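Number of protein chains: 2
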Amino acid sequence: MAKVTDPAAVRRYVKEVRSEYETRLGELVGIPSVSMDPAHTADIRRCGDAAVELLKAFGARAELFESSGNPVVWGRFGAAPGAPTVTVYNHLDVQPADGPEWKRPPFSMQIEGGRYYGRGTTDDKGPALAALYAARYVTEAGLSINVDFLWELEEEIGSPNFESVLKKHAKQIATDSVVVSDTIWISRQRPAITAGLRGLLGATLRLETGSHDAHSGLTGGAARNPLTELSALIGELCDAKTGRCKIPGFYADAIPASKRELTSFGRSGFSIAGYKRAHGLKSLRQKTAPAVMRAIWAEPTFEVHGIVGGYSGPGIKTVVPPSAEAKISMRLVPDQTPADVFRKLRARVAKLNPDVVVSSESSLMPYRGVTEGPLADAAADAIRFGFGKAPALVREGGSIGAVVTMRDVLRCPVMFIGLSLPEHGYHAPNENFDWRQASGGIAAFVRYFELLSKQRARPAVTRAARRARPRAAAARR
Amino acid sequence: MAKVTDPAAVRRYVKEVRSEYETRLGELVGIPSVSMDPAHTADIRRCGDAAVELLKAFGARAELFESSGNPVVWGRFGAAPGAPTVTVYNHLDVQPADGPEWKRPPFSMQIEGGRYYGRGTTDDKGPALAALYAARYVTEAGLSINVDFLWELEEEIGSPNFESVLKKHAKQIATDSVVVSDTIWISRQRPAITAGLRGLLGATLRLETGSHDAHSGLTGGAARNPLTELSALIGELCDAKTGRCKIPGFYADAIPASKRELTSFGRSGFSIAGYKRAHGLKSLRQKTAPAVMRAIWAEPTFEVHGIVGGYSGPGIKTVVPPSAEAKISMRLVPDQTPADVFRKLRARVAKLNPDVVVSSESSLMPYRGVTEGPLADAAADAIRFGFGKAPALVREGGSIGAVVTMRDVLRCPVMFIGLSLPEHGYHAPNENFDWRQASGGIAAFVRYFELLSKQRARPAVTRAARRARPRAAAARR
Numbered sequence: 070m071a072k073v074t075d076p077a078a079v080r081r082y083v084k085e086v087r088s089e090y091e092t093r094l095g096e097l098v099g100i101p102s103v104s105m106d107p108a109h110t111a112d113i114r115r116c117g118d119a120a121v122e123l124l125k126a127f128g129a130r131a132e133l134f135e136s137s138g139n140p141v142v143w144g145r146f147g148a149a150p151g152a153p154t155v156t157v158y159n160h161l162d163v164q165p166a167d168g169p170e171w172k173r174p175p176f177s178m179q180i181e182g183g184r185y186y187g188r189g190t191t192d193d194k195g196p197a198l199a200a201l202y203a204a205r206y207v208t209e210a211g212l213s214i215n216v217d218f219l220w221e222l223e224e225e226i227g228s229p230n231f232e233s234v235l236k237k238h239a240k241q242i243a244t245d246s247v248v249v250s251d252t253i254w255i256s257r258q259r260p261a262i263t264a265g266l267r268g269l270l271g272a273t274l275r276l277e278t279g280s281h282d283a284h285s286g287l288t289g290g291a292a293r294n295p296l297t298e299l300s301a302l303i304g305e306l307c308d309a310k311t312g313r314c315k316i317p318g319f320y321a322d323a324i325p326a327s328k329r330e331l332t333s334f335g336r337s338g339f340s341i342a343g344y345k346r347a348h349g350l351k352s353l354r355q356k357t358a359p360a361v362m363r364a365i366w367a368e369p370t371f372e373v374h375g376i377v378g379g380y381s382g383p384g385i386k387t388v389v390p391p392s393a394e395a396k397i398s399m400r401l402v403p404d405q406t407p408a409d410v411f412r413k414l415r416a417r418v419a420k421l422n423p424d425v426v427v428s429s430e431s432s433l434m435p436y437r438g439v440t441e442g443p444l445a446d447a448a449a450d451a452i453r454f455g456f457g458k459a460p461a462l463v464r465e466g467g468s469i470g471a472v473v474t475m476r477d478v479l480r481c482p483v484m485f486i487g488l489s490l491p492e493h494g495y496h497a498p499n500e501n502f503d504w505r506q507a508s509g510g511i512a513a514f515v516r517y518f519e520l521l522s523k524q525r526a527r528p529a530v531t532r533a534a535r536r537a538r539p540r541a542a543a544a545r546r
Numbered sequence: 070m071a072k073v074t075d076p077a078a079v080r081r082y083v084k085e086v087r088s089e090y091e092t093r094l095g096e097l098v099g100i101p102s103v104s105m106d107p108a109h110t111a112d113i114r115r116c117g118d119a120a121v122e123l124l125k126a127f128g129a130r131a132e133l134f135e136s137s138g139n140p141v142v143w144g145r146f147g148a149a150p151g152a153p154t155v156t157v158y159n160h161l162d163v164q165p166a167d168g169p170e171w172k173r174p175p176f177s178m179q180i181e182g183g184r185y186y187g188r189g190t191t192d193d194k195g196p197a198l199a200a201l202y203a204a205r206y207v208t209e210a211g212l213s214i215n216v217d218f219l220w221e222l223e224e225e226i227g228s229p230n231f232e233s234v235l236k237k238h239a240k241q242i243a244t245d246s247v248v249v250s251d252t253i254w255i256s257r258q259r260p261a262i263t264a265g266l267r268g269l270l271g272a273t274l275r276l277e278t279g280s281h282d283a284h285s286g287l288t289g290g291a292a293r294n295p296l297t298e299l300s301a302l303i304g305e306l307c308d309a310k311t312g313r314c315k316i317p318g319f320y321a322d323a324i325p326a327s328k329r330e331l332t333s334f335g336r337s338g339f340s341i342a343g344y345k346r347a348h349g350l351k352s353l354r355q356k357t358a359p360a361v362m363r364a365i366w367a368e369p370t371f372e373v374h375g376i377v378g379g380y381s382g383p384g385i386k387t388v389v390p391p392s393a394e395a396k397i398s399m400r401l402v403p404d405q406t407p408a409d410v411f412r413k414l415r416a417r418v419a420k421l422n423p424d425v426v427v428s429s430e431s432s433l434m435p436y437r438g439v440t441e442g443p444l445a446d447a448a449a450d451a452i453r454f455g456f457g458k459a460p461a462l463v464r465e466g467g468s469i470g471a472v473v474t475m476r477d478v479l480r481c482p483v484m485f486i487g488l489s490l491p492e493h494g495y496h497a498p499n500e501n502f503d504w505r506q507a508s509g510g511i512a513a514f515v516r517y518f519e520l521l522s523k524q525r526a527r528p529a530v531t532r533a534a535r536r537a538r539p540r541a542a543a544a545r546r
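First to last, the protein sequences are chains A and B. Throughout the first sequence, residue numbering follows my numbering, covering 70 to 546 in sequence. Throughout the second sequence, residue numbering follows my numbering, covering 70 to 546 in sequence.
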């Protein structure tokens, strides 16, 4: 098997497939698979069908698992019976891409000097394809490992149907471990492996005080103004300067990062200047790099994403709107849970402004990752092979609901080999990916699959037994 | 001249012109003269041209006065030299009409049982036409009075060019008094004459913390959130529950309403239930009618009209926006001035959040009306003639910048004969006007013009001398 990851052979393969990789990525990016917008339902379907065809064209068995929402793509590059199985998770749905900041058409991929511009290039179609090219390589090389693919089409809306799909097909898709390729390095100079994810609780605060726009000359002073009241409420739920949430008990279950973890953060290559540049931020709430890393990876948040209501056109229209809605979310850290935080939010709002209706939107559990043992070692080795440097262990400030779901339903460890960089612009205008990360990623996955092929498969019986365990206990592993 | 206002003759005339009035109103409403939206610039021009043609068709001399913004329509129904002159002021521009609450097309007038639905029917095209029909009647009857018309096309954006137009044509349009028909009764059961207007200071609060949308997973906790900061700022500028403005010194120059004035408010027919119904309000900040009337007529406000920035589509998009803008305004009462209040606002914001850029938008002085003397008596008499009931003296919570401008530039009293009702929905969806108010208005204006024809014209010399007075002194009359 030494031949499989012969560096020269892998390099040759990567070089050979570059043009094909770019064509395939362009095809996927060309499908505007925006899961958040019902107008794109047909595109989601089209993307799922295209993904199944792609997997088949690469030599895998593949099918669409239907759900009451979007389907899930599953594929298998099969090996001998008894060979270990690794499942690569990615998602093919994307964020909306609107707004004047887009310098190129978001759904028509542009290649500029090894950089791929378009919505979904880095989040998460580009990394999905990199793993696919690695799977084809090791399969054609005859490696004794089953490489499965799970490509979701609802990740950007919080994976509402993923769990039910996994449960329904649990036997067919049983695996020894999952590797997720949907995370981001801290710096191009230093690969990073994710050791934890924040959770998420999305919610809306809605206040209705009238039935239609009123004239502020006629009613101003007597009419309640829902925009003013929601603004004041937000000011009472969160300290806008520090970002500290003021909901009583909010931090009760938030476990602070350990000193050891904070030290490992420090090796990630994080710099305030680079971070500000990557995200287009003029200033930050914190002044030092350790404080910033703690805030974005290991502490919960309270965020306002939009306040809808009233007049938003040019100039000023002196209306008192009849209703307004604030779109908010809270990122959560272990051991906070969305359900508990939602209860606390609702109780606080009921006290501050009982007319405000609080509704929960997407909710995702925070995740604590695997940092020791053969899988963690294999991931670190693979990264070194693909990118020439040892990775730093960090956390991810974002949330991937599917991670917790896979751990709980498939009863197996979930690892991370991410290929994206801060400057790729996850969720931002002008999202991009690049060949350096794609080619390193293909090589890293080749190495990862090779290392896992040497680890023993868990007997199917054990897997079944694990599945039988009560959920709550499993969630505590 | 007794024949002119013979009640039976006026009744006959009003009955005869009804169908023509409705056709003419439909034509004016059919032109979407939205001054706030640059997309309607051509419609504004079309509306001005149509108004000139309309005045000419009625027998007046008429022309468009150009400005660096929208033109002003001027017309004269001339009488013998030396006859007194009264100028009727209305505006033909309208508020935007968007949103799903509109049950009928806003710019295609629908007549339903004596009610006229469409944007601009009551604010202010319907009242303008009522005065026009009265002018034609008294002119054809040979009454010795010049009736002039000033129809503005920038009232809804704060009359930015009205003053310069008046100054330029001051000699041509010199008049003995102005009557404004752009105010609203308190109740259909009791005519009301306006004895004061609130002023207005519109402003935007803009905060930019980044250059593009950031992902709240990647940056949440460290990135400043302009929506959260603006919300907190609003909470610190205004008590959302009571509506009380918290800017230091805001109330320093606000003269409280006198006991006598509050008593006259009480005779206006105001009821909390009717007021809530008319404006579609579920609840009010105050519990008693006197407190509500004081709040909407005689006290200043702090209002939020819209908060722009971030995500406003379906669901939640977990972005931290790079910037946000709050559209706010403050209604002002005598002796507050927009300039002084703006200074106080800016100073307070600079202290609370120095990164927020405060810009002033429209600004209008508050106005204290004429409540005694022959003009006030004529207006009350005219209302009794048109509607069969004596009017109550009230104030108007809204702002008409043109009023202060006319008083100062034309150096003459500005009176109010308003025809609109609360249920007509000024600035609201499904705006409407009705024949009862239009027909009563025609009769009232006929009577008003007759009474004024008996009052002596001010000699032109006096008018010129008054014009020569320094502005500040005149503003204190």
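Yeah, the Cβ is synthetic: ideal placement off N, Cα and C, and Gly gets one too. Owing to the predicted nature of the structure, the values given are computational and were not obtained by experimental measurement.
Output yes or no for whether 7 Å exceeds the beta carbon distance between residue i and residue j.
i, j, result
"B/Gln549", "B/Gly384", "The question about residue 549 of chain B has no answer here: the residues shown for chain B are numbered 70 through 546."
"B/Lys172", "B/Asn499", "yes"
"A/Val402", "A/Ala321", "no"
"B/Val247", "B/Ser136", "no"
Could you tell me which chain B residues have their CB closer than 7 Å to the CB of residue i, listed as they occur along the chain?
i, result
"A/Glu330", "Simply none; closest approach about 16 Å."
"A/Ile226", "Gly384"
Pick helix, strand or coil for residue i, following the three-state DSSP scheme.
i, result
"A/Leu201", "helix"
"B/Ile180", "strand"
"A/Ile242", "coil"
"B/Asp217", "strand"
"A/Ala264", "strand"
"A/Ala42", "The structure shown has nothing for residue 42 of chain A, since chain A only spans 70 to 546."
"A/Trp171", "coil"
"B/Val142", "strand"
"A/Cys116", "helix"
Could you give the distance in angstroms between the alpha-carbon of residue i and the alpha-carbon of residue j?
i, j, result
"B/Ala78", "A/Lys386", "43 Å"
"A/Pro325", "B/Ala283", "25 Å"
"A/Pro491", "A/Val418", "35 Å"
"B/Val373", "A/Ile226", "31 Å"
"A/Gly382", "A/Thr263", "42 Å"
"A/Lys194", "A/Phe231", "18 Å"
"A/Val142", "A/Cys116", "10 Å"
"A/Asp409", "B/Ser327", "54 Å"
"A/Pro460", "B/Ala309", "51 Å"
"B/Gly265", "B/Val439", "8 Å"
"B/Arg354", "A/Lys345", "44 Å"
"B/Arg525", "B/Tyr517", "14 Å"
"B/Arg80", "B/Ala512", "8 Å"
"A/Tyr82", "A/Ala449", "22 Å"
"B/Ile486", "B/Asp192", "13 Å"
Note down, in chain order, every chain A residue with its Cβ under 9 Å from the Cβ of residue i.
i, result
"B/Met105", "Gly382, Pro383, Gly384, Ile385 and Lys386"
Can you pull the chain B residues whose beta carbon is under 9 Å from the beta carbon of residue i, in chain order?
i, result
"A/Ser431", "Gly384, Ile385 and Thr387"
Residue i touches chain A at which residues, Cβ-Cβ below 7 Å?
i, result
"B/Lys413", "Residues of chain A passing the Cβ test: none, with the nearest at roughly 18 Å."
Using a cut-off of 8 Å between C-beta atoms, extract the partners of residue i located in chain B.
i, result
"A/Gly493", "Note that residue 493 of chain A is His in the sequence shown here, rather than Gly. None at all; the shortest Cβ gap to chain B is about 11 Å."
"A/Glu368", "Gly290"
The stretch 286-305 of chain A / the stretch 390-409 of chain A touching (three or more Cβ pairs under 8 Å): The stretch 286-305 of chain A vs the stretch 390-409 of chain A: in contact.
Three-pair Cβ contact test at 8 Å for the stretch 460-473 of chain B versus the stretch 247-258 of chain B: By the Cβ rule, the stretch 460-473 of chain B counts as touching the stretch 247-258 of chain B, because three or more pairs are nearer than 8 Å.
Sufficient close CB pairs (3 or more, under 8 Å) joining the stretch 104-121 of chain B to the stretch 155-168 of chain B: Because the criterion of three Cβ pairs below 8 Å is met, the stretch 104-121 of chain B and the stretch 155-168 of chain B touch.
Three-pair Cβ contact test at 8 Å for the stretch 169-185 of chain A versus the stretch 80-94 of chain A: Here the stretch 169-185 of chain A makes contact with the stretch 80-94 of chain A; the two share three or more CB pairs at distances below 8 Å.
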